[in-house]
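Asks: Top line first, the protein sequences correspond to chains A and B.
Numbering of the first sequence is given in numbering that gives the first Met the number 0, commencing with residue 0 and proceeding in unit increments.
Numbering of the second sequence is given in numbering that gives the first Met the number 0, commencing with residue 0 and proceeding in unit increments.
Every residue gets a Cβ at the ideal spot worked out from N, C-alpha and C, and that includes glycine.
2 protein chains.
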Amino acid sequence: MPDVRVVLVEPKFEGNVGAVARVMANFDVHELCLIRPCEVGDIAYHRAKHGAFILDDMRVVESLDDALSNCFFVVGTSGVVTKGDKNYVRIPVSAHSFAKRLKGYTEKVAIVFGREDIGLLQDELARCDMLVHIPSSEKYPVLNLSHAVGVILYEMFGFEIKPPTPADNEEKERLFSFFDNLLEAISYPEVRKKSTSSMFRKMMGRAIPTKYEYNTIMGVIGDAAKAIEGQKFNRPK
Amino acid sequence: MPDVRVVLVEPKFEGNVGAVARVMANFDVHELCLIRPCEVGDIAYHRAKHGAFILDDMRVVESLDDALSNCFFVVGTSGVVTKGDKNYVRIPVSAHSFAKRLKGYTEKVAIVFGREDIGLLQDELARCDMLVHIPSSEKYPVLNLSHAVGVILYEMFGFEIKPPTPADNEEKERLFSFFDNLLEAISYPEVRKKSTSSMFRKMMGRAIPTKYEYNTIMGVIGDAAKAIEGQKFNRPK
Numbered sequence: 000m001p002d003v004r005v006v007l008v009e010p011k012f013e014g015n016v017g018a019v020a021r022v023m024a025n026f027d028v029h030e031l032c033l034i035r036p037c038e039v040g041d042i043a044y045h046r047a048k049h050g051a052f053i054l055d056d057m058r059v060v061e062s063l064d065d066a067l068s069n070c071f072f073v074v075g076t077s078g079v080v081t082k083g084d085k086n087y088v089r090i091p092v093s094a095h096s097f098a099k100r101l102k103g104y105t106e107k108v109a110i111v112f113g114r115e116d117i118g119l120l121q122d123e124l125a126r127c128d129m130l131v132h133i134p135s136s137e138k139y140p141v142l143n144l145s146h147a148v149g150v151i152l153y154e155m156f157g158f159e160i161k162p163p164t165p166a167d168n169e170e171k172e173r174l175f176s177f178f179d180n181l182l183e184a185i186s187y188p189e190v191r192k193k194s195t196s197s198m199f200r201k202m203m204g205r206a207i208p209t210k211y212e213y214n215t216i217m218g219v220i221g222d223a224a225k226a227i228e229g230q231k232f233n234r235p236k
Numbered sequence: 000m001p002d003v004r005v006v007l008v009e010p011k012f013e014g015n016v017g018a019v020a021r022v023m024a025n026f027d028v029h030e031l032c033l034i035r036p037c038e039v040g041d042i043a044y045h046r047a048k049h050g051a052f053i054l055d056d057m058r059v060v061e062s063l064d065d066a067l068s069n070c071f072f073v074v075g076t077s078g079v080v081t082k083g084d085k086n087y088v089r090i091p092v093s094a095h096s097f098a099k100r101l102k103g104y105t106e107k108v109a110i111v112f113g114r115e116d117i118g119l120l121q122d123e124l125a126r127c128d129m130l131v132h133i134p135s136s137e138k139y140p141v142l143n144l145s146h147a148v149g150v151i152l153y154e155m156f157g158f159e160i161k162p163p164t165p166a167d168n169e170e171k172e173r174l175f176s177f178f179d180n181l182l183e184a185i186s187y188p189e190v191r192k193k194s195t196s197s198m199f200r201k202m203m204g205r206a207i208p209t210k211y212e213y214n215t216i217m218g219v220i221g222d223a224a225k226a227i228e229g230q231k232f233n234r235p236k
């Protein structure tokens with residue numbers, strides 16, 4: 000099972016925070032980080048039961064950046080699936096297939112859960128490598144926060160097959176910067192640059208490429224950008 | 000999905016009953032039956048949110064026999080897997096394989112959940128046709144009642160998400176040929192060309208890109224190859 004950090008963005012009810020701590024303990028996930036939460040007191044501890052130690056050890060931070068420190072992979076959760084194909088951030092994988100894809104991963108994975116009422120905001124979703132959705136009733140799809148955490152952790156619990164070594168964070172970032180260089184080199188329209196760059200990141204996130212795959216693609220993209228840039232200099236004046 | 004009745008045996012906390020109603024609504028299961036429950040009042044209704052109608056319609060009965068009327072199949076749940084061979088309900092199936100086994104079943108199925116503290120008694124387990132278990136931490140296996148209901152119903156609900164329009168085969172092949180052109184353009188080592196091309200294909204296969212993503216990446220790769228090739232012709236002799 001990957002090294003999971005559960006991140007709650009601005010939880011409003013301490014009872015939910017406590018219930019999340021309990022269900023985390025139920026599935027052996029112990030690292031909790033809250034961003035600008037409600038007060039966490041007696042009610043939370045009461046609901047946490049034997050997961051109280053998770054509340055003792057949790058981190059409280061001010062920003063998503065702080066919450067995601069040292070995380071190799073960031074997963075956002077969403078109760079609502081929008082249908083626009085163009086909104087690539089909104090193409091979620093199911094909790095089940097998410098768990099299958101992360102099988103045997105040993106890096107730090109942050110799973111980010113939004114507010115009880117409005118979930119995650121667009122710019123928060125944009126920080127995520129992958130979006131996970133829990134299939135549920137069309138009439139009432141919004142699960143209680145702790146139930147959502149429970150289902151996701153339940154799906155992740157107890158997978159054992161080891162995949163090939165995944166790329167590390169530095170390699171990933173290098174690939175993404177090479178891709179940006181390529182966009183630069185081909186004079187990609189400025190207005191679409193950011194969204195295409197972000198789309199590439201998400202798509203690679205879903206593929207979870209191995210070290211070997213990242214490096215190979217990086218080689219191709221890097222060489223392409225260099226070839227274009229190099230020839231620009233040699234171009235007849 | 001089978002016609003499911005959720006049966007709670009002597010629930011002690013109305014908050015749990017309300018949370019069960021909510022998660023039932025989340026997974027389109029509407030029939031709730033309580034055996035000798037605690038009072039079910041404001042706290043339960045508050046926790047039930049849009050599942051309140053399930054509390055309005057629930058049945059309250061005095062015995063397990065009454066609760067199981069008209070049920071074709073009775074499933075017991077247990078947080079603890081006992082190892083004693085003598086225990087006749089000793090072999091539980093996992094929530095996942097339980098859900099798989101019941102797929103396509105259309106008869107009435109009762110899923111019986113025990114008390115928050117001591118679960119189901121021996122004679123209650125004896126009434127069950129099957130025992131279901133949710134794999135969980137060895138240190139703290141006991142899930143909150145509503146979390147247990149949530150996981151079981153989640154598994155029964157199934158996990159298909161309608162994906163966005165995937166690229167069609169022609170688009171995919173065009174992308175792959177553009178990628179090959181790019182390898183060509185950057186004078187990629189002949190000996191590795193085939194394996195890198197095939198690797199790219201597999202990696203994109205895992206990402207399952209949408210029509211939009213394929214076309215965007217195709218644009219980038221196509222333009223890159225063209226930029227390199229075009230400049231070769233303009234190169235000073």
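Locate the alpha helix (DSSP H) running through A/LEU101, then write down its first and last residues.
Replies: Residue numbering aside, residue 101 of chain A sits at position 102 when the first sequence is read from its first letter. Per DSSP, A/LEU101 belongs to no alpha helix (DSSP H) and is neither H nor E.
Asks: Bridge partners of A/GLU30, per DSSP?
Replies: Along the first sequence, one-based indexing puts residue 30 of chain A at 31. Beta-bridge pairing links A/GLU30 to A/ARG4.
Asks: Excluding five sequence neighbours on each side, which residues of the same chain lie with their C-beta closer than 8 Å to the C-beta of B/ILE42?
Replies: Here residue 42 of chain B refers to the residue found at position 43 of the second sequence. Only GLU13, GLY14, GLY17 meet the Cβ criterion.
Asks: Hey, would you say B/ALA184 sits closer than 8 Å to B/ILE227, going by beta carbons?
Replies: In the second sequence, residue 184 of chain B corresponds to position 185, counting from 1. In the second sequence, residue 227 of chain B corresponds to position 228, counting from 1. Yes, the pair counts as a contact, with Cβ atoms nearer than the cut-off.
Asks: State the beta-bridge partners of B/ARG114 as determined by DSSP.
Replies: Stepping through the second sequence from its first residue, residue 114 of chain B is reached at position 115. In DSSP, B/ARG114 forms a bridge with B/GLY118.
Asks: Taking the beta carbon of A/GLU237 as the centre, do at least 16 other beta carbons fall within 10 Å, making it buried, or is it exposed?
Replies: With chain A covering 0 to 236 only, the question about residue 237 of chain A has no answer from this structure.
Asks: Short check: CB of A/LEU181 to CB of B/ALA206, under 8 Å?
Replies: The residue you call residue 181 of chain A lines up with position 182 of the first sequence. The residue you call residue 206 of chain B lines up with position 207 of the second sequence. Result no, Cβ atoms of A/LEU181 and B/ALA206 do not sit closer than 8 Å.
Asks: Can you grab the Cα-Cα spacing for the pair A/LYS85 / A/ARG191, in whole Å?
Replies: On the first sequence, residue 85 of chain A is found 86 positions in, with the first residue counted as 1. On the first sequence, residue 191 of chain A is found 192 positions in, with the first residue counted as 1. Interpretation of A/LYS85 is limited by its pLDDT of 48, a score under 50 that renders its predicted location unreliable; the figure taken from the coordinates is listed afterwards. Near 12 Å, if we compare the C-alpha coordinates of A/ARG191 and A/LYS85.
Asks: Apart from the five residues just before and just after B/LYS107, which ones in its own chain have a Cβ nearer than 7 Å to its Cβ?
Replies: Numbered from its first residue, the second sequence carries residue 107 of chain B at position 108. Here the set comprises ASP2, ARG4, ASN69, CYS70, PHE71.
Asks: Please report the straight-line C-alpha distance between A/ASN25 and A/LYS48, rounded to a whole angstrom.
Replies: Your numbering for residue 25 of chain A matches position 26 in the first sequence. Your numbering for residue 48 of chain A matches position 49 in the first sequence. A straight-line Cα-Cα distance of about 11 Å links A/ASN25 and A/LYS48.
Asks: If I follow the unbroken alpha helix (DSSP H) through B/GLY157, where does it start and stop?
Replies: For the purposes of this step, residue 157 of chain B is taken as residue 158 along the second sequence, with counting starting at 1. For B/GLY157, no alpha helix (DSSP H) run applies, since DSSP gives it neither H nor E.
Asks: With C-beta atoms as the reference, is B/GLY75 less than 8 Å away from B/LEU144?
Replies: By 1-based counting over the second sequence, the position of residue 75 of chain B is 76. By 1-based counting over the second sequence, the position of residue 144 of chain B is 145. Result no, Cβ atoms of B/GLY75 and B/LEU144 do not sit closer than 8 Å.
Asks: For B/LEU144, verify whether its CB is less than 7 Å away from any heavy atom of the ligand NAP.
Replies: Judged by which ligands are present, the structure shown has none, so any question about the ligand NAP falls away.
Asks: Use the C-beta contact count for A/ARG46: other C-beta atoms within 10 angstroms, 16 or more gives buried, fewer gives exposed.
Replies: Translated into positions along the first sequence, residue 46 of chain A becomes position 47. Around the beta carbon of A/ARG46, 16 or more other beta carbons sit within 10 angstroms, so the residue counts as buried.
Asks: Is the beta carbon of B/ILE314 sitting closer than 8 Å to the one on B/ILE110?
Replies: This structure gives no information on residue 314 of chain B, because the portion of chain B shown stretches from 0 to 236.
Asks: May I ask you to list the residues that DSSP assigns as paired with B/GLY75?
Replies: Position 76 of the second sequence, counted from the start, is the residue given in the question as residue 75 of chain B. For B/GLY75, the beta-bridge partners assigned by DSSP are B/VAL111, B/LEU130.
Asks: Taking all protein chains shown into account, do 16 or more other C-beta atoms lie within 10 angstroms of the C-beta of A/GLY204, making it buried, or fewer, making it exposed?
Replies: Taking the first sequence and counting its residues from 1, one reaches residue 204 of chain A at position 205. Classification for A/GLY204: buried.
Asks: How many angstroms separate the CA atom of B/ASP55 from the CA atom of A/SER196?
Replies: As a first step, residue 55 of chain B must be located in the second sequence, where it is residue number 56. As a first step, residue 196 of chain A must be located in the first sequence, where it is residue number 197. Straight-line Cα distance between these residues: approximately 51 Å.
Asks: Which of the residues in the region 21–39 of chain B, read from start to end, lie with their CB under 7 Å from any CB of chain A?
Replies: ARG21, VAL22, ALA24, ASN25, PHE26, ASP27
Asks: Along chain C, which residues have their Cβ under 8 Å away from the Cβ of A/ALA184?
Replies: You won't find chain C in this structure, because its protein chains are A and B.
Asks: Distance check for A/TYR139 and B/GLU172, CA to CA, integer angstroms please.
Replies: As a working mapping, residue 172 of chain B is identified with position 173 in the second sequence. As a working mapping, residue 139 of chain A is identified with position 140 in the first sequence. Each residue's alpha carbon lies about 40 Å from the other.
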